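K.L.:
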Amino acid sequence: MSDSATAPKRRLPQINPVWVLLTVLVVAIIFMNPRFIEPTGYMNFLKRAAPLAILAAGQVYVITSGGFDLSVGSLITLVVVGSSMLTNNDPTATYWVIPLMLAMGLGVGAVNGLVVCFLRVPSLIATLGMMITLNGLAFLWSGGAPRGYLPDTFRFFGRELIRDVPLVRFIPVSVIVLVVVVGLLAWLMHRTNLGRQVHAIGDNPVAARLAGVAVNRVRITAFMLSGLSAAIAGILLGGFAGVSTDVGSGYELQAITAAVLGGAQLLGGRGSVPAALGGALALTAIFTLLNFLGLPQPVRQVVQGLILIAAVAFAMHRRRQTGT
Amino acid sequence: MSIAEDTPRRKAGFRFERWAPLILLGGALAIYVVVALVTGQAQYLTFDNLIAILGRSIALGITAIGQTFVILVASIDLSVASLISATAVLASVVMDGSPAMILPAILAAIALGGLVGLTNGLVVSGLKVNPLIATLGMSLIIQGCLSAFVSNFAGEVPAAFQMFAYGELGPFPVALLFLGLLAVMAWAVLRFTKFGSDIYAVGGNEEAARFAGIKTGRVVILSHVICSICASIAGLYLASRLRSGAPWIGSDGVYDLESIAVVVIGGTVLAGGRGGVWGTMAGMLIFSLIDSVFNIAGVDSFAKQVLRGIIIVAAVAFYAIRSKRIVA
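Encoded structure:
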C-alpha cells in the first residue's frame, strides 16, 4: 500500500523520481534564465502553478480511491463564469459568492460520488457526463458570452501580492492558498484514517468493505474533495486569467498528468499529495521551459503527451523491478 | 454478443443485459415519434428523414465500431478524434483534387491508422501503460504534430471521392451501406473467428486467457490496430463529406468521448469481455435519435448539451444499477 514498504530488492533509493525530475527542470530553467532565483522569478512560477497543484492534490484522492474525475476542468469554468455572473461587478458580493462557489464544488463532487456509488456508473463515464453537463450550464448561464471582469475583491486571491515580507520581498496570496490547501489535503491523506481508507478501497474495494470501511462514504468524500479543490482552483484562476468559457478546459487532463507524474497509480491503491504537488510543479516547469525555448503550442502538446506516456511506463517498469 | 456473457447468473429465460440496448432504442424511438406528433411535425416521421438522421452519425458509427473492439479487450482509445483529423487532412492533401491520387491517399490514411494503432497496442501491452494514459498521450502527440503543419482546411478532395459521402445506391446513401457492411464484418469477426473469441477471453480475464494459451499481447495490439483503422476510415469519410480536411474536425465532433459513450450505451462493459457490435449500432441510433428530438423540439443548443450529459449518465446507469460489483 505505501511506497516504501515491502520492496525486496531496492535498486533505486527511495526518493520519488518526481523530485529528481523537478530539480533537473528547475536547474535547466535557472540555466536558461538566471533571474529565476530571484523572488520575482520563482514566486511568479509558484503563482502560475498554484491552481494546477491544488487541482492535482484533489485529483489524487479520486485516483487513489480507484476512479477518475474528468469534471474538474468544466467545474473551474463554471465557477469562473458563475462568479462573474453572480458578483455582477459588486465588490461586496464576493463574501457570499466565494462560499457559494466552494459549496457548489462540494455539491458537484457529491453528485459525482453518488452517481458512481449508487447508480454504479463507472467514474469515467459519470464524470464525463458531468463535464459535458457543466460545460453546457456555463454556456447557458452566461448566454455564451460571459462578462469580461470580476471585482477586485474576488480577484484578490488569484492576483494580489503581500509585500514587504522579509527574505522573499513578496508572497502572492495564491501561494499562501496553495500551501494551506495542499498542506491540509496532505495531512488528511497521510495522517488520518480517511487517507488510509482511501488507499484501502483503491487497492481492493472488497477487502476494504470486509474490513469495515464504509466504501461508499469514503468514495463520495474523495469526489467531494476533488470538487472542492476544483472550486478553489477556479477562484484562483478567475483572479489572474479573467473570465471566459474555456478557462478550465484541459485542466482535468493536466491534473491527472500531474498526479501520475507524482506516482499515483491509476485504478487506485497508491497516491501521494506532496508528490502530486511535485508533479504539478514539474509539469508547469516543463511548460515554462518550452516557453523559454520559444517553442510553439503544438510542441507543448507533443511534449506533454510523451512525458505522460514515459512517466507511466517508467513507473510500471520500476514496479516490476521492485516486485511490488 | 453472446459468447462471453456472464452465464452463471441466469442461464435461461429473459436476459436483461442482452435486450437492454433494444429497450433503450425502443424508448428513444418512442420519444422521437411522440415529440414529432405532439409538436405537429409529422413530416419528420418519413422514411427519408429516418435515413437522413442516420446519415448524420455515420462517422461516429464507424469510429464506435472500432472502439467496440478495444473496449471489449478492456482497453480504451482516446486518440481516435485526433487520428480522424490527421487522416482527413492527410487524405485531402495527398489527393489535392486529383482523382488519380484517390487510391494512394486511402492507402496512406489507412497506413497511418495502422501505425498509430500498432504504437498504441505496443505501449499498452508491452510497456503496460494504462490504456487511458497511453492513448491520451498519443492523442496529444498526433494533435500537436498536426497543428504544427496545418492550421486551416488543407488540400482538396476530388469529386469522384465525394461519392463516398454523397453517393446514393437506390434509396440508401453509399456511406450508410458501407457502415452496415462494416458492422456485419465486425460482428462476423467477433462471432465466428478465433480472434473474436480471444477478444472476449482477454477482456474477461487477461491472466486466465494467457494461462489458456492465448497470446494476449497480440490480441490487444490487433484490437488497437482495428480501432485506429476504423478511425482513419471515419477520417476519410469526413474528408469526403467536407470536401477537404481540417485539423479540428475530430476534436470538434468529440469523437473520442462520444464513441466511448456510444459503445457503453450499447451495453458493452468498460471493464471488457461483454458486449458486441449490434449494441454499439443501437447506441449510435439512440444518440442520433436524441439529437433529432432536440432539433424537432427546438431545444436551445446549450441546454441540449446539459441534457446530453445527463442522458449519457442515465443510459449507462440503466445497465449498471443492477450490477453488484463495486465499479472503478
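If you read the protein sequences in the order shown, they are chains L and D.
So in our numbering, spot 299 of the first sequence is number 299, and the numbers just go up one at a time.
So in our numbering, spot 76 of the second sequence is number 76, and the numbers just go up one at a time.
Glycine included, C-beta positions come from ideal geometry on N, C-alpha and C.
This one's a predicted model, so the numbers in the text were calculated from it and none came from an experiment.
(1) Considering Phe170/L, what are the terminal residues of the alpha helix (DSSP H) in which it resides?
(2) Throw me the rounded Cβ distance for the Val80/L and Asp69/L pair, which I believe falls under 8 Å.
(3) So, at 6 Å on beta carbons, what are the nonlocal neighbours of Leu236/D in its own chain, with the 5 sequence-adjacent residues on each side left out?
(4) Hey, would you say Val33/D sits closer than 8 Å to Ala231/D, going by beta carbons?
(5) For Arg10/D, collect the residues of the same chain with a Cβ closer than 7 Å to its Cβ; drop the 5 residues on either side in sequence, then sort them by chain order.
(6) How big is the Cα-Cα spacing for Val312/L and Ser123/L?
(7) Check each candidate in Val302/L, Arg191/L, Val111/L and Leu289/L and name the one with the smallest Cα separation from Asn216/L.
(8) Is it the case that the Cβ atoms of Leu386/L and Leu261/L are separated by a distance below 8 Å?
(9) Which chain L residues are close to Ala303/D, counting only those with a beta carbon under 8 Å from its beta carbon?
(10) Under 8 Å, do Ala160/D and Ile102/D count as touching if we go by C-beta distance?
(11) Mind checking Ile37/L: buried by the 16 CB within 10 Å criterion, or exposed?
(12) State buried or exposed for Ala211/L, treating a residue as buried only when at least 16 other CB atoms are found within 10 Å of its CB.
(13) Return helix, strand or coil for Val165/L, following the three-state DSSP convention.
(14) In three-state terms, what does DSSP make of Glu17/D?
(15) Determine the DSSP secondary structure at Phe68/L, reduced to helix, strand or coil.
(16) Compare the C-beta of Val20/L with all C-beta atoms of chain D and state if any pair is closer than 8 Å.
(17) Quick one, are the C-beta atoms of Ala64/D and Val299/D less than 8 Å apart?
(18) Is DSSP giving Ala154/D helix, strand or coil here?
(19) Give the residues of chain D in contact with Gly305/L, contact being defined as C-beta atoms less than 9 Å apart.
(20) Tell me, please, which residues DSSP counts as bridged to Pro330/D.
(21) Please classify Val180/L as buried or exposed, where buried requires at least 16 other C-beta atoms within 10 Å of its C-beta.
(22) Taking Cβ-Cβ distances below 7 Å as the criterion, which residues of the region 116-129 of chain L are in contact with chain D?
(23) Exposed or buried, Thr193/D, counting other C-beta atoms within 10 Å across all chains shown (16 or more means buried)?
(24) Looking at chain L, is there any beta carbon in it that lies within less than 8 Å of the beta carbon of Leu270/D?
(25) Could you tell me the distance, in whole angstroms, from the CA atom of Leu119/L to the CA atom of Ala126/L?
(26) Taking Cβ positions only, does Ile309/L come closer than 8 Å to chain D?
(27) For Leu289/D, decide whether its Cβ has a neighbour in chain L, counting only Cβ atoms nearer than 8 Å.
(28) Mark Ile176/L as exposed unless 16 or more other C-beta atoms lie within 10 angstroms of its C-beta, in which case mark it buried.
(29) Between His224/D and Val124/D, is the Cβ-Cβ spacing less than 8 Å?
(30) Is it the case that the region 266-285 of chain L contacts the region 48-64 of chain L, given that we only count it when at least three CB pairs across the two stretches are under 8 Å?
(31) Assign Leu167/L to buried or exposed, taking buried as 16 or more other Cβ atoms, counted over all protein chains shown, within 10 Å of its Cβ.
(32) So who's on the other strand from Gly245/D, going by DSSP bridges?
(33) Interface residues of chain L around Leu257/D at Cβ under 7 Å?
(34) Using the beta-carbon count (16 or more within 10 Å), is Ser168/D buried or exposed?
(35) Which term fits Ala103/L, buried or exposed, when burial requires 16 or more other beta carbons within 10 angstroms of its beta carbon?
(36) What ranges does the alpha helix (DSSP H) occupy inside the region 178-237 of chain D, keeping only unbroken runs of at least 4 residues that lie completely in it?
P.N.:
This is what the structure gives:
(1) Taking the first residue of the first sequence as position 1, residue 170/L is located at position 170. First-last for Phe170/L: Arg169 to Pro172, but that is the beta strand (DSSP E), not the alpha helix (DSSP H).
(2) Translated into positions along the first sequence, residue 80/L becomes position 80. Translated into positions along the first sequence, residue 69/L becomes position 69. That belief does not hold up - the Cβ atoms of Val80/L and Asp69/L are roughly 18 Å apart, past 8 Å.
(3) Here residue 236/D corresponds to residue number 236 of the second sequence, with the count starting at 1. Result list for Leu236/D: Ala91 and Ala109, in chain order.
(4) The count along the second sequence starts at 1 and reaches residue 33/D at position 33. The count along the second sequence starts at 1 and reaches residue 231/D at position 231. No, the pair does not count as a contact, with Cβ atoms beyond the cut-off.
(5) For this step, residue 10/D is matched to residue 10 along the second sequence. In this predicted model, Arg10/D has a pLDDT of only 49, less than 50, meaning its place in the structure is not dependable enough to derive any value.
(6) Your numbering for residue 312/L matches position 312 in the first sequence. Your numbering for residue 123/L matches position 123 in the first sequence. Spanning the two alpha carbons is a distance of roughly 21 Å.
(7) As a working mapping, residue 216/L is identified with position 216 in the first sequence. Answer by Cα proximity: Val111/L.
(8) Here chain L has residues from 1 to 324 only, and residue 386/L is not among them.
(9) Position 303 of the second sequence holds residue 303/D. Those are Gly136 and Leu140, listed as they occur along chain L.
(10) Position 160 of the second sequence, counted from the first residue, corresponds to residue 160/D. Position 102 of the second sequence, counted from the first residue, corresponds to residue 102/D. A contact, by the Cβ cut-off of 8 Å.
(11) For this step, residue 37/L is matched to residue 37 along the first sequence. Classification for Ile37/L: exposed.
(12) For this step, residue 211/L is matched to residue 211 along the first sequence. Exposed, by the Cβ-count rule.
(13) Locating residue 165/L in the first sequence gives position 165, where the first residue counts as 1. If DSSP states are grouped into helix, strand and coil, Val165/L belongs with the strands.
(14) Here residue 17/D refers to the residue found at position 17 when the second sequence is read from its first residue. Three-state result, Glu17/D: helix.
(15) By one-based count along the first sequence, residue 68/L stands at place 68. The answer is coil: DSSP assigns Phe68/L none of H, G, I, E or B.
(16) The residue you call residue 20/L lines up with position 20 of the first sequence. No, its Cβ sits nowhere closer than 8 Å to a Cβ of chain D.
(17) On the second sequence, residue 64/D is found 64 positions in, with the first residue counted as 1. On the second sequence, residue 299/D is found 299 positions in, with the first residue counted as 1. Cβ distance not < 8 Å, so Ala64/D and Val299/D don't count as in contact.
(18) The residue labelled residue 154/D in the question sits at position 154 within the second sequence. Residue state, collapsed to three classes: strand.
(19) For the purposes of this step, residue 305/L is identified with residue 305 of the first sequence, where counting begins at 1. By Cβ distance, chain D contributes Leu136, Gly137, Met138, Ser139, Leu140, Ile141, Ile142, Gln143 and Gly144.
(20) In the structure displayed, chain D extends from 1 to 328; residue 330/D sits before or after that span and is not available.
(21) For this step, residue 180/L is matched to residue 180 along the first sequence. The residue is exposed, with fewer than 16 neighbouring Cβ atoms inside 10 Å.
(22) Val116, Leu119, Arg120, Val121, Pro122, Ser123, Leu124, Ile125, Ala126, Leu128 and Gly129
(23) For the purposes of this step, residue 193/D is taken as residue 193 along the second sequence, with counting starting at 1. So Thr193/D ends up on the exposed side.
(24) In the second sequence, the residue the question calls residue 270/D occupies position 270. Leu270/D counts as touching chain L.
(25) As a position in the first sequence, residue 119/L is number 119, starting the count at 1. As a position in the first sequence, residue 126/L is number 126, starting the count at 1. The alpha-carbon atoms of Leu119/L and Ala126/L are separated by roughly 9 Å.
(26) As a position in the first sequence, residue 309/L is number 309, starting the count at 1. So, interface residue.
(27) For the purposes of this step, residue 289/D is taken as the residue at position 289 of the second sequence. No, Leu289/D does not count as interfacial toward chain L.
(28) Locating residue 176/L in the first sequence gives position 176, where the first residue counts as 1. With fewer than 16 other Cβ atoms within 10 Å, it is exposed.
(29) In the second sequence, counting from the first residue as 1, residue 224/D sits at position 224. In the second sequence, counting from the first residue as 1, residue 124/D sits at position 124. Cβ atoms of His224/D and Val124/D: closer than 8 Å.
(30) yes
(31) One-based indexing of the first sequence puts residue 167/L at position 167. Exposed: under 16 other Cβ atoms inside 10 Å.
(32) On the second sequence, residue 245/D is found 245 positions in, with the first residue counted as 1. Gly245/D pairs with Ala154/D.
(33) What you label residue 257/D is simply residue 257 of the second sequence in a count that begins at 1. Per Cβ cutoff of 7 Å: Leu128.
(34) Along the second sequence, read from residue 1 onward, the residue named residue 168/D stands at position 168. First, the amino acid is wrong: residue 168/D is Glu here, not Ser. Under this definition Glu168/D is an exposed residue.
(35) What you label residue 103/L is simply residue 103 of the first sequence in a count that begins at 1. By the 10 Å Cβ count, Ala103/L comes out exposed.
(36) 194-204 and 206-211
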